[in-house]
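In terms of our numbering, the sequence shown opens at residue 66 and continues consecutively. Virtual Cβ for every residue (Gly too), placed ideally from N, Cα, C. Everything on this sheet refers to the single structure shown next.
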Amino acid sequence: MRDYVSGEGLSEEENELNIALVAFADPLSYEEAVKSSKWRQAIDAEIRSIEKNETWSLTELPAGAKKIGVKWIYKTKLNEFGEVDKFKARLVAKGYAQQHGVDYTEVFAPVARMDTVCMIIALVGQKSWLIYQLDVKSAFLHGELSEDVFVKQPRGYEQKESEHKVYKLHKALYGLKQAPRAWFILIEAHFTHEEFQRCISEQTLFVKQSTRGKILIVSIYVDDLIFTGDDEQMMLEFKESMMKVFDMTDLGKMRFFLGIEVLQKDDGIYVCQRKYAQEVLRRFGMGESNAVMNPIVPGFKIGKNGEAAKRALRYLKGTIDYGIFYKKSGNKELVAFTDSDYAGDLEDRKSTSGYVFILSGGAVSWSSKKQPIVTLSTTEAEFVAAADCACQAVWMRRILEKLSHAQDGCTTVMCDNSSTIKLSKNPVMHGRSKHIDVWFHFLRDLTRDGVVELVHCGSQDQVADLMTKPLKLEAFLKLRDQLGVCMMPKVN
66 MRDYVSGEGL SEEENELNIA LVAFADPLSY EEAVKSSKWR QAIDAEIRSI EKNETWSLTE
126 LPAGAKKIGV KWIYKTKLNE FGEVDKFKAR LVAKGYAQQH GVDYTEVFAP VARMDTVCMI
186 IALVGQKSWL IYQLDVKSAF LHGELSEDVF VKQPRGYEQK ESEHKVYKLH KALYGLKQAP
246 RAWFILIEAH FTHEEFQRCI SEQTLFVKQS TRGKILIVSI YVDDLIFTGD DEQMMLEFKE
306 SMMKVFDMTD LGKMRFFLGI EVLQKDDGIY VCQRKYAQEV LRRFGMGESN AVMNPIVPGF
366 KIGKNGEAAK RALRYLKGTI DYGIFYKKSG NKELVAFTDS DYAGDLEDRK STSGYVFILS
426 GGAVSWSSKK QPIVTLSTTE AEFVAAADCA CQAVWMRRIL EKLSHAQDGC TTVMCDNSST
486 IKLSKNPVMH GRSKHIDVWF HFLRDLTRDG VVELVHCGSQ DQVADLMTKP LKLEAFLKLR
546 DQLGVCMMPK VN
């Protein structure tokens, strides 16, 4: 029996992580936090940041208006090694009390897709560039509000003899429904002013090209920002410009982004999620489980009452130190694999679609999901999967073109079903395919226009099999290697 309070029964590695988590347990209340000097300093830093940014002004609450409550949130920030990076206190508005049309209207704000981040990293590894990271301090405090929003004075910082007054927000606070949108509108306007071009297909991707033909690429995920390019001077000027306009932290070379650990080397870039995997295993009490070599055994059918998740965690235990390697000498052209598992769901008999895209020798995009319709044949199931893959291919080609890595020819899509390949080129076998929804036949248009080309590959080389069905261990390990998955090198 493992005890995460006393540490009894934990492995050495698990115990070290547990000690860190217990030693730096986050306070649950303001009264608890102010007893510690480190948390008091964090609270003071948050208030200074708010006031420096001119986020609010003290005023009387107008008649008929309502005030929104605020609360303190405390979080110990850890780095990729599980070590304490900083103690962060955040003043958060209770946005759930807001009313649509009264103190907020539009709330949508885009965030970077992981596929985009992976494509950027793959290109950086291939071209031997460097990729850097910036963190915006209290990002949402920069976003300007167009609505009248009033909040209560924060606990511990009430103004003497003015306790009844409220703060009118001029800029956003974390927790407000419109905060992400207000911040993105602001930073998007800044990039436009700095002559960046926004990618239409990925609104959080910005590219700037100099008169010398050099390129600077920036991707934003809320308050995290990564940038790269082929001109160090352009990147230095960009960083200095950003730090003048916004309160930012220079994190140097990209090392830890959205839970992904990044190791930049001369021969390419490694990425993995070692720290996240350890946290998942600890959360579900699987830290001492016996590791297995594959996540599911051949012949196993997943049902509602199965224990497939437990085996997946045991596989995770055995592959914590594995990641994807994007090689300097990897493939420059995007290559896709598509596959399906016909009627694999025992409950509703729907098929599973799967695809994998390879760039720079590693997987940059992958999917495994149940199809939205019940297909009536293996050909239809494969055709639906191929159409889904083609949609992703079109989008990725547009992103790569914006990154100045346009695909010269069509994107090769490897498929192990001959009928699907024939059907993508012309309406053969009409009797067996007439029931396929017309929407999926746009794949023919893409094939005709030279955007994608379905090419036959043997089942033993179908990488997308990993995404659709259980495989024998030998086949699984072989295909996993083709994804660029390998052991991460030790960090000095």
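When secondary structure is reduced to three states using DSSP, Ser-432 falls in the strand class. In summary, Gln-436 is buried, with 16 or more beta-carbon neighbours lying within 10 Å of its beta-carbon over all protein chains present. Non-local C-beta neighbours of Lys-132 in its own chain, meaning closer than 8 Å and more than five positions away in sequence, comprise Leu-126, Phe-215, Val-216, Lys-217 and Val-231, ordered along the chain. For Cys-551, the enclosing beta strand (DSSP E) begins and ends at 550-552. Along the length of the region 434-483, whole beta strand (DSSP E) runs at least 3 residues long occupy 476-480, reported in chain order. Using a 10 angstroms sphere on the CB of Leu-290, the tally of other CB atoms reaches 16 or more, which defines it as buried. Under the three-state reduction of DSSP output, Lys-159 falls in the coil class, being neither helix nor strand. Within the DSSP bridge table, the entry for Gln-198 names Ile-291 as partners. Our two residues, Thr-120 and Leu-241, have alpha carbons roughly 13 Å apart in a direct line. One thing to note: Ala-130 has its Cβ within 8 Å of the Cβ of Asp-213. Under the DSSP assignment, Ala-401 falls in the beta strand (DSSP E) whose first and last residues are 400-406. DSSP assignment within the region 209-262 yields the following whole beta strand (DSSP E) runs of 3 residues or more, N-terminal first: 231-234.
In chain order, Val-400 place their CB closer than 6 Å to the CB of Ile-423, counting only its own chain and leaving out the 5 sequence neighbours on each side.
Residue pairing by DSSP puts Val-149 in a beta bridge opposite Leu-143. Nearest neighbour of Val-182 by Cα position, chosen from Gln-338, Leu-123 and Val-429, turns out to be Val-429.
Listed in chain order, the non-local C-beta contacts of Asp-312 below 6 Å within the same chain comprise Lys-202, local neighbours out to five positions each way being set aside.
Beta-bridge analysis with DSSP links Gln-525 to no other residue. For Gln-274, the enclosing beta strand (DSSP E) has its first and last residue at 267-274. The Cβ atoms of Cys-480 and His-521 lie closer than 8 Å to each other.
Straight-line measurement puts the Cα of Val-478 at about 11 Å from the Cα of Gln-527. The C-beta distance from Gly-190 to Ser-425 rounds to 5 Å, short enough to fall under 8 Å. The DSSP assignment places complete alpha helix (DSSP H) segments of no fewer than 4 residues inside the region 83-143 at 95-98 and 102-117, in order along the chain.
In the DSSP assignment, Ser-284 forms a beta bridge with Leu-270 and Ile-291.
The DSSP-derived three-state label of Gly-427 is strand.
Residue pairing by DSSP places Asp-315 opposite Leu-199 in a beta bridge. Put simply, the backbone Cα of Lys-487 is about 37 Å away from that of Leu-270. In the structure shown, Ile-385 falls within a coil segment according to DSSP collapsed to helix, strand and coil. Between the C-alpha atoms of Ile-252 and Tyr-222 there is a straight-line separation of about 30 Å.
When the five nearest sequence neighbours on each side are left out, the beta carbons in the same chain lying within less than 6 Å of the beta carbon of Lys-151 are those of Lys-142, in order along the chain. Of the candidates Lys-467, Thr-417 and Ile-464, the residue whose Cα lies closest to the Cα of Glu-445 is Thr-417. Excluding the 5 residues flanking it on each side, Ser-484 has same chain C-beta neighbours closer than 6 Å at Thr-444, in chain order. Arg-339 is classed as buried because its beta carbon has at least 16 other beta carbons within 10 Å across all chains shown. Between Ala-154 and Glu-111, the C-beta spacing is below 8 Å.
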